[in-house]
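Colleague: Let me begin by handing over the structure; questions about it come next.
Number of protein chains: 2
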Amino acid sequence: MKTTSLRWGFFGAGKCTHDFVSALKLLPLDHHKVVGIASRDSNKAEDFAEKLGIEQAFGNYSELAESDNVDIIYIGTVNSEHFHQAKLALLHGKHVLCEKPVCINRAQVEELVAIAKDKDLFFMEGFWTFFFPATRKLLEEIKQGSIGKVVQMTVEIGNKFYHLDRFSRKDIGGGTLLNHGVYGLMFAHQIFGQPSSISASGIISASGTDESVAITLTYRDTAQIASIICSSKVNMPGELRVIGTQGMLKLKFPFWAPTILETPTETLQFDLPLNLEAIKFNNLNSSGFTYEAETVRQCILNGWRECPIVGWNASRAVMGVADEVRRQLGIVFPHDNNTLHASEICADKGQRA
Amino acid sequence: MKTTSLRWGFFGAGKCTHDFVSALKLLPLDHHKVVGIASRDSNKAEDFAEKLGIEQAFGNYSELAESDNVDIIYIGTVNSEHFHQAKLALLHGKHVLCEKPVCINRAQVEELVAIAKDKDLFFMEGFWTFFFPATRKLLEEIKQGSIGKVVQMTVEIGNKFYHLDRFSRKDIGGGTLLNHGVYGLMFAHQIFGQPSSISASGIISASGTDESVAITLTYRDTAQIASIICSSKVNMPGELRVIGTQGMLKLKFPFWAPTILETPTETLQFDLPLNLEAIKFNNLNSSGFTYEAETVRQCILNGWRECPIVGWNASRAVMGVADEVRRQLGIVFPHDNNTLHASEICADKGQRA
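If you read the protein sequences in the order shown, they are chains A and B.
Heads up, the first sequence is in this note's numbering, so the first residue is 44 and it goes up one at a time.
Heads up, the second sequence is in this note's numbering, so the first residue is 44 and it goes up one at a time.
In structure tokens, the structure reads:
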């Protein structure tokens with residue numbers, strides 16, 4: 044009998060990994076097994092393993108990557124580590140689910156995709172948002188034309204998080220664009236596709252990261268426009284609005300892990316997966332990681348290497364737009380090299396207005 | 044005894060003028076007198092005069108401008124006429140209240156300001172929004188620091204109005220920027236002052252007007268940012284949000300004629316001026332024109348030539364930003380000449396990101 048279980052290993056013992064592991068506990072034990080955790084700091088890995096009831100803890104990533112006990116590795120470390128760690132896991136024959144942003148720039152995504160293809164492995168960026176039923180319903184409503192022709196998308200996302208390393212430290216790929224903005228960029232990609240123009244401006248912090256950014260994407264052939272506004276300095280409304288000629292669809296706060304969709308005629312409430320009293324999550328609605336995890340299992344059982352919901356081209360497209368946004372803002376990461384030019388990203392060769 | 048009444052004449056027999064005249068009827072008769080109406084079309088002027096109980100109707104603007112019976116002329120015609128008509132009125136010694144946008148470009152504003160100064164006359168752009176109690180309270184709350192340091196302003200304004208001439212016709216100064224966007228630009232000016240950078244992109248209609256526009260203004264010295272999103276294709280939320288380190292202030296729909304202000308601690312409702320059963324307005328909350336009209340009367344009684352709430356520099360600043368937005372969008376009106384260069388508008392000499 045073919046096994047239907049997926050054996051998970053984890054890179055990084057931070058809050059995201061904590062929530063992902065916790066969510067897996069809400070799914071059938073014979074479907075998802077939590078096998079091992081690796082952190083640069085072995086004490087941290089052991090503490091984490093003990094707290095979350097994980098059998099094996101590793102003080103380095105290679106050992107876990109080499110383990111025969113593991114099918115897939117979830118990467119929940121800081122942005123700048125994603126590329127090397129995903130590469131390490133793939134080169135050791137492991138499937139990979141890597142938190143967003145999957146990389147620091149598009150060139151890195153291209154390299155990982157090439158490796159995943161070559162090694163015949165599943166590889167996906169962990170855009171959990173797109174597996175929530177509220178998001179699926181939003182995209183379905185758009186497709187069915189329930190708001191007529193879509194003309195505009197606006198999203199605001201921000202938290203007073205500048206004090207955190209992942210917002211203030213450039214050496215780890217910090218900033219509001221890669222931590223907040225990418226949610227909006229991925230929605231824009233899913234709704235509109237490839238932009239004709241990318242226009243961005245913002246405020247750069249003293250440490251050189253982007254602290255406030257506003258991005259406009261236009262789609263000339265279809266006369267559509269998307270606005271993405273993000274901030275690490277203030278709490279923003281956290282709502283996504285898609286406006287068409289016949290009305291508006293709203294994913295209410297927190298739109299990145301949504302449970303409420305407003306349509307022109309009704310307010311739809313999608314309950315989160317049943318949580319257990321004993322499980323506490325760090326982040327809002329994190330039990331919703333189950334939607335993503337279960338889809339990943341189904342993809343792998345089906346022998347798919349790419350997820351039809353968040354595919355390689357989606358990750359490529361989003362990182363390409365992010366590269367151009369950073370170019371316009373003047374933000375270069377220490378890890379940047381060999382990034383693609385704007386003219387390769389925009390349909391209209393980098394025109395902006 | 045010094046007279047305290049203001050005798051009004053009107054250029055243009057359209058919906059805005061209708062609402063302004065109607066609002067004046069809610070104020071004491073010995074404070075505001077409606078004297079005459081002029082339209083290019085004498086039948087239209089006569090119909091309008093009859094319907095609204097105005098004594099004199101004129102089939103051309105000069106005759107009304109020459110009338111000794113009139114203190115101030117309200118201009119409610121199409122955008123492209125504002126400049127010439129305001130000039131005509133000022134040169135005939137009349138005070139002027141001109142609907143927004145006061146002109147098509149900043150060079151025109153400069154010329155009108157110079158004439159108003161030279162002739163020692165009151166001249167103001169009709170940004171009625173800024174006379175509503177809800178707006179006054181918003182600006183007061185910001186000043187008092189009730190949301191901490193202001194970091195972000197976002198405004199969305201749009202109506203499915205593209206079929207109207209003032210949105211689709213370039214020859215009359217049409218487009219969403221000058222009809223919708225200027226509200227956001229004026230809020231940004233009142234809250235933040237002069238931007239460091241202006242970044243705009245949008246969708247240009249088949250007729251060459253801007254149908255969807257998103258503008259980002261940054262203020263580098265203070266690390267602030269403003270986003271203004273407008274559309275003539277879809278109905279947008281019509282809400283203004285100002286976000287600070289300690290919370291958010293919201294002017295609820297319709298923010299351009301607001302009655303509801305949400306603060307971090309309460310929702311404040313400001314009742315509109317008492318309306319009479321018999322008076323029907325075309326536009327939302329148009330009885331609120333009384334706030335503006337009464338302030339104009341007070342300014343003129345005080346001998347002021349400029350209104351302290353919407354002054355000449357405010358109009359200059361907004362038209363200057365609008366000029367730069369149009370330059371980035373590639374929109375040139377037939378009436379444009381002698382417009383100022385971006386480097387004269389931005390503190391940072393036209394830098395964008």
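Glycine is no exception: its CB is placed at the ideal position from the N, C-alpha and C atoms.
Could you tell me whether the Cβ atoms of V139 of chain B and F174 of chain B are closer together than 9 Å?
Modeller: For V139 of chain B and F174 of chain B, no; Cβs fall outside 9 Å.
Colleague: Going by beta carbon distance, what residues of the same chain come within less than 6 Å of V156 of chain A, once the five residues before and after it are set aside?
Modeller: W355.
Colleague: Taking its Cβ as the centre, do 16 or more other Cβ atoms sit within 10 Å of K137 of chain B, making it buried, or is it exposed?
Modeller: So K137 of chain B ends up on the buried side.
Colleague: Between A365 of chain B and chain A, is the shortest Cβ-Cβ distance under 9 Å, so that the two count as touching?
Modeller: So no, A365 of chain B is outside the interface.
Colleague: Give the secondary structure of H138 of chain B by DSSP, where H, G and I count as helix, E and B as strand, and everything else as coil.
Modeller: Here H138 of chain B sits in strand by DSSP.
Colleague: Following the continuous beta strand (DSSP E) through M279 of chain B, name the residue where it begins and the one where it ends.
Modeller: Per DSSP, M279 of chain B belongs to no beta strand (DSSP E) and is neither H nor E.
Colleague: Is V277 of chain B close to chain A? Criterion is C-beta to C-beta, closer than 9 Å.
Modeller: So, interface residue.
Colleague: Which whole runs of the beta strand (DSSP E) in the stretch 240-307 of chain A are 3 residues long or more, in chain order?
Modeller: Listed in chain order, the complete beta strand (DSSP E) runs (minimum 3 residues) inside the stretch 240-307 of chain A are 240-247, 253-262, 267-274, 283-287, 290-294 and 303-305.
Colleague: Going straight from the alpha carbon of I234 of chain B to that of A360 of chain B, what length do you get?
Modeller: Each residue's alpha carbon lies about 13 Å from the other.
Colleague: Give me, in chain order, the residues of the same chain whose beta-carbon lies closer than 6 Å to that of R395 of chain B; leave out the 5 immediate sequence neighbours on both sides.
Modeller: The pLDDT assigned to R395 of chain B is 39, lower than 50, so where the model puts this residue is not dependable, and the model offers no usable value.
Colleague: Under a three-way DSSP split, which group does Q312 of chain A fall into?
Modeller: Correct three-state label for Q312 of chain A: strand.
Colleague: Can you check whether the CB of E142 of chain B is closer than 9 Å to the CB of Y104 of chain B?
Modeller: Not in contact: Y104 of chain B and E142 of chain B (Cβ atoms no closer than 9 Å).
Colleague: At 9 Å on the CB atoms, spell out the chain B contacts of G217 of chain A, in chain order.
Modeller: Within chain B, no residue comes near G217 of chain A; the closest Cβ sits about 16 Å away, beyond 9 Å.
Colleague: Please list, in chain order, the residues of the stretch 190-218 of chain A that have any C-beta partner in chain D closer than 8 Å.
Modeller: Chain labels in this structure do not include chain D; the protein chains are A and B.
Colleague: Who are the neighbours of T261 of chain A on chain B, taking C-beta pairs under 9 Å?
Modeller: Residues of chain B passing the Cβ test: S244, G245, I246, S255 and A257.
Colleague: Rounded to whole angstroms, what's the CA-CA distance from Q195 of chain B to T261 of chain A? Just pull it up for me.
Modeller: One C-alpha to the other measures close to 22 Å.
Colleague: Would you check if the stretch 89-96 of chain B and the stretch 336-343 of chain B touch, i.e. whether three or more CB-CB distances between them fall below 8 Å?
Modeller: Touching, no, given that fewer than three Cβ pairs across the two stretches are closer than 8 Å.
Colleague: Quick check on I268 of chain A - is its C-beta less than 9 Å from some C-beta in chain B?
Modeller: Closer than 9 Å: yes.
Colleague: What are the boundary residues of the beta strand (DSSP E) that F166 of chain A is part of?
Modeller: It spans F166 to G169 - the beta strand (DSSP E) in which F166 of chain A sits, taken as one unbroken run.
Colleague: In this structure, does DSSP put K68 of chain B in helix, strand or coil?
Modeller: In the structure shown, K68 of chain B sits in coil (DSSP, three-state: anything other than H, G, I, E or B).
Colleague: Between T288 of chain A and chain B, is the shortest Cβ-Cβ distance under 9 Å, so that the two count as touching?
Modeller: Answer yes: the Cβ-Cβ gap between T288 of chain A and chain B drops below 9 Å somewhere.
Colleague: Indicate whether E199 of chain A and E282 of chain A have their beta-carbon atoms separated by less than 9 Å.
Modeller: Yes. Within cutoff.
Colleague: With a threshold of 16 other CB atoms inside 10 Å of the CB of L107 of chain A, please say whether the residue is buried or exposed.
Modeller: Classification of L107 of chain A: buried, given that the 10 Å Cβ count is 16 or more.
Colleague: Looking at chain A, is there any beta carbon in it that lies within less than 9 Å of the beta carbon of I272 of chain B?
Modeller: So, interface residue.
Colleague: How many Å lie between C273 of chain B and V285 of chain A at the Cα?
Modeller: C273 of chain B and V285 of chain A: Cα-Cα distance of roughly 14 Å.
Colleague: Cutting at 6 Å between CB atoms, please list the residues of its own chain near S82 of chain A, excluding the five before and the five after it.
Modeller: The answer, listed in chain order, is A56 and A88.
Colleague: Would you verify that the beta carbon of S250 of chain A is, or is not, closer than 9 Å to some beta carbon of chain B?
Modeller: It does not; no Cβ of chain B falls within 9 Å.
Colleague: Is the shortest distance between the beta-carbon of T382 of chain A and the beta-carbons of chain B less than 9 Å?
Modeller: With a pLDDT of 48 at T382 of chain A, under the threshold of 50, the modelled position of that residue is not reliable, and the figure given next carries that caveat. Answer no: the Cβ-Cβ gap between T382 of chain A and chain B never drops below 9 Å.
Colleague: Does any C-beta atom of chain A lie closer than 9 Å to the C-beta of P301 of chain B?
Modeller: No, because no Cβ of chain A sits closer than 9 Å to the Cβ of P301 of chain B.
Colleague: Could you confirm whether any beta carbon from chain B is found closer than 9 Å to the beta carbon of M167 of chain A?
Modeller: Chain B contact via Cβ: absent.
Colleague: Since T302 of chain A contacts Q289 of chain A with CB under 8 Å, what's their CB separation in whole angstroms?
Modeller: Rounded, the Cβ-Cβ distance is 24 Å, inconsistent with contact.
Colleague: Going along the chain, which unbroken runs of the beta strand (DSSP E) with 3 or more residues stay wholly within the stretch 72-117 of chain A?
Modeller: Segments of the beta strand (DSSP E) lying fully in the stretch 72-117 of chain A: 75-81 and 99-101.
Colleague: In chain B, which residues lie with their C-beta within 7 Å of the C-beta of R340 of chain A?
Modeller: Within 7 Å Cβ-Cβ: nothing; R340 of chain A doesn't reach chain B, min ~39 Å.
Colleague: Exposed or buried, which one is E309 of chain A when buried takes at least 16 other CB atoms within 10 Å?
Modeller: Exposed, since its Cβ has fewer than 16 Cβ neighbours within 10 Å.
Colleague: Using a Cβ cut-off of 7 Å, which residues of the stretch 303-332 of chain A contact any Cβ in chain B, in chain order?
Modeller: Within the stretch 303-332 of chain A, no residue has a Cβ that lies closer than 7 Å to any Cβ of chain B.
Colleague: Measuring only the C-alpha atoms, how far is K192 of chain A from E184 of chain A?
Modeller: Near 11 Å, if we compare the C-alpha coordinates of E184 of chain A and K192 of chain A.
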